[in-house]
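All letters in the sequence shown, in the order written, are residues 1 to 547 by the UniProt record's numbering.
We treat Cβ as the ideally placed atom computed from N, Cα and C, and that holds for glycine.
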Amino acid sequence: MGLKLCCAAYPEDQNKQTNPSMELSIKDEFENHEEPPTGESKKSQSPFAIVFDEPQTPSEPIPLYKRKSSLKFSLRRLISVWHEAITESYDIKERLGKGGCGEVWKVLHKPTGMERAMKSITKDAFSDNNEPDINEVNVLKELDHPNIIKIYDIIVSTRKYFIIMELSTGGDLNDFILKNDQLSEQDISKWMYNILSGISYLHSKNVIHMDIKPDNIMFQDDAPDSLLKIIDFGMSIIKSSPNQPRLGNGSIDYKAPEVFDGSHSAKADVWSCGVLLYWLLSRGNLPFHGKNHGMTINIIKNEDVIFPSDQWNWVTDGAKDLIRKMLTKDPDKRISAKDAFDHKWVQGYSNIPQIDPAFLHDAFGRLVKFKSYLIIRHAALEYISSHFSVSKDIRKLQKAFLASDKNRDGALSKEELSDVCRQLKLRKKTDIEELIEKLDTDQNGQIDFSEFITGALDWEKNMSKKKLEATFRTFDLDKSGEIDLDELKQVLGDSQMVDEETWNKILSEADFNQDGKIQLAEFEMILTATYLDGRGGKDIIIPGFQK
């Protein structure tokens with residue numbers, strides 16, 4: 001059975017006082033940890049993977065993004081698996097909720113002071129051998145989209161797995177509806193824009209969520225224009241996986257009719273989104289609901305959706321048309337997530353995020369001028385932007401990315417980048433192919449979300465000593481205060497295709513005193529010599545490489 005992010009969180013009673021004895025037992029559990037297998041580092045999963053297509057030594061010094069047929073590294077929004085006490089890196093703050101197989105806590109990342117969410121899941125929730133296959137989680141960690149919750153780490157203790165992820169502070173859709181009875185159709189259309197954007201991206205990555213419902217849609221923050229985040233992949237399916245899950249414990253009311261017959265296609269998520277849209281527009285009513293599970297299943301499979309006039313007089317025909325298409329019984333005839341996103345009702349309210357033109361121009365200006373000639377530096381910057389950046393600028397960049405990603409595939413293509421640069425009058429100065437080459441670290445031919453953030457971020461505002469030191473610790477696996485060649489291989493992802501000379505060259509890019517190791521001062525130097533902010537600063541030059 002694969003390790004999955006299971007159990008939705010149920011809000012705690014705000015007036016309930018935590019039992020001190022319970023807190024003590026929880027603390028004991030947090031401070032217990034499981035040692036890694038003999039010979040392995042405390043960190044057993046790298047946040048990077050590096051691949052060399054055809055290792056070769058350049059005939060003349062050339063920058064990273066000009067090294068054709070050279071290397072590519074991919075910062076996977078990947079969980080690093082740590083065998084250590086959770087309290088080594090995190091302060092446990094407050095319990096946010098409890099589910100059937102675990103709890104959700106607010107935690108504080110000690111090195112940076114950043115708040116995050118932590119799911120604690122008992123090993124007993126898995127198969128008898130208590131050793132989950134994390135392949136499915138690795139796929140979920142690959143997800144990189146503004147409307148998908150971000151995952152950071154897995155920490156292994158004696159009896160539990162702790163999953164560290166992005167903290168969304170705005171509450172879920174259920175909470176919002178309970179507190180706000182004055183909702184416009186435009187508000188709901190904006191939310192569906194976010195949700196269908198995320199679902200379309202999931203389906204493009206062959207991931208089916210299988211548990212879309214109000215509890216699993218979170219507001220990123222309390223801002224009026226907050227993004228929505230899809231959470232809780234406990235029932236998700238990887239379409240390429242040979243092992244399909246059972247029906248599970250998700251909400252019956254939101255399940256597609258074919259699911260009860262054992263079919264699991266991406267169209268099941270579209271049905272769930274249709275039920276969600278009906279629930280929102282009818283102010284809390286469900287389209288298919290019986291007195292018990294059996295009756296509900298029968299209604300879902302056999303009855304058509306209806307729109308009672310007392311609940312639906314205020315709703316436009318466009319919204320009803322979309323619901324009918326999403327709640328079509330036959331999945332082959334049901335609309336896709338991409339087509340639902342493109343529906344005139346979703347697009348008709350001008351839901352494309354509105355970005356200050358000056359901010360957008362500056363962001364893409366930095367993107368165009370971004371340069372990084374050091375592999376370690378580029379990897380570290382992308383790690384920082386992915387794991388340690390939550391500023392207001394990041395929020396704006398998320399929306400800038402969504403506004404630029406016209407086809408909702410979670411990446412910026414050559415055509416999309418060209419369109420934006422032309423609109424911003426950056427086109428004459430911009431070689432789009434070169435722009436993609438220098439930012440496209442995984443060499444998939446497009447600019448993914450985190451690659452975009454890395455290039456467009458104003459590093460002068462968003463770099464800090466704490467973030468830098470926390471990133472150094474990610475590379476410094478044995479906590480010796482130095483990064484040696486073996487650690488570099490583990491962090492960047494060792495490969496038999498990479499020869500020793502090439503690894504030494506990568507290390508030497510940052511090893512200025514040539515002692516065979518990278519100290520913190522050297523690490524700071526390669527990251528802070530310039531902030532790559534697009535304002536004309538000079539990049540650091542090292543032996544063997546030139547502009």
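Test item: CB-CB of residue i and residue j under 9 Å
i, j, result
"L367", "W345", "no"
"D269", "A337", "yes"
"S389", "K333", "no"
"D442", "G410", "no"
"I195", "I212", "yes"
"K150", "S386", "yes"
"A223", "R395", "yes"
"Q446", "L492", "no"
"F288", "V315", "no"
"A526", "I384", "As written in the sequence, residue 526 is Ile, which differs from the Ala given in the question. Their beta carbons are not under 9 Å apart, which means I526 does not touch I384 by this criterion."
Residue i burial status per 10 Å Cβ neighbour count (16 or more: buried)
i, result
"E415", "exposed"
"A380", "buried"
"T528", "exposed"
"Q347", "exposed"
"G102", "buried"
"D181", "exposed"
"H378", "buried"
"G284", "exposed"
"Q354", "exposed"
"G198", "buried"
"G274", "buried"
"G455", "buried"
"D476", "buried"
"P357", "exposed"
"T112", "buried"
"S372", "buried"
"H293", "exposed"
"K123", "buried"
Whole-angstrom distance between residue j and residue i, CA atom to CA atom
i, j, result
"I155", "L439", "31 Å"
"P47", "T474", "Residue placement at P47 is flagged as unreliable, the pLDDT there being 45, under the threshold of 50; the coordinate-derived value follows with that caveat. The straight-line gap from Cα to Cα measures roughly 9 Å."
"K160", "I92", "15 Å"
"A510", "I518", "6 Å"
"S263", "I297", "15 Å"
"E451", "G290", "47 Å"
"K461", "F523", "19 Å"
"D458", "W312", "47 Å"
"Q514", "S508", "7 Å"
"E487", "E258", "49 Å"
"L280", "H83", "43 Å"
"K205", "D153", "21 Å"
"P331", "A266", "9 Å"
"A8", "E303", "With a pLDDT of only 40 at A8, under 50, the local geometry of the prediction cannot be trusted, and the value read off the model is given with reservation. Taking the straight line from one Cα to the other gives about 29 Å."
"T328", "I300", "11 Å"
"E136", "K239", "Only weak support exists for where E136 lies, its pLDDT of 47 falling under 50; the value from the coordinates is given anyway. Roughly 11 Å separates the two Cα atoms."
"K465", "F472", "10 Å"
"D128", "S251", "Interpretation of D128 is limited by its pLDDT of 44, a score under 50 that renders its predicted location unreliable; the figure taken from the coordinates is listed afterwards. Rounded to the nearest angstrom, the two C-alpha atoms are 26 Å apart."
"P308", "L178", "22 Å"
"Y201", "G516", "43 Å"
"M295", "M218", "30 Å"
"H361", "L435", "16 Å"
"L485", "Q423", "45 Å"
"E94", "D221", "18 Å"
For residue i, the residue or residues it bridges with in DSSP
i, result
"G274", "According to DSSP, which records beta bridges pairwise, G274 is partnered with nothing at all."
"K116", "Note that residue 116 is Arg in the sequence shown here, rather than Lys. Bridge partners of R116: V107."
"Y90", "H109"
"F162", "S120, I155"
"I237", "I208"
"Q519", "E482"
"G102", "I121"
"R95", "W105"
"K229", "M218"
"L412", "I447"
"I148", "I230"
Whole-number beta carbon distance between residue j and residue i, since they are thought to touch under 8 Å
i, j, result
"L143", "V104", "Contact doesn't hold; Cβ gap of about 19 Å is too wide."
"A363", "L397", "6 Å"
"F191", "L167", "Before going further, note that residue 191 is Trp rather than Phe in the sequence given. Not a contact, Cβ separation roughly 20 Å."
"D215", "N174", "6 Å"
"L520", "E469", "7 Å"
"H209", "F233", "7 Å"
"L276", "Y254", "7 Å"
"Y90", "K110", "6 Å"
"A256", "S272", "7 Å"
"residue 549", "I163", "With the chain covering only 1 through 547, there is no way to say anything about residue 549."
Near the ligand FAD: residue i beta-carbon under 8 Å from a heavy atom
i, result
"N292", "With respect to small molecules bound, the structure shown includes none, and the ligand FAD cannot be examined in it."
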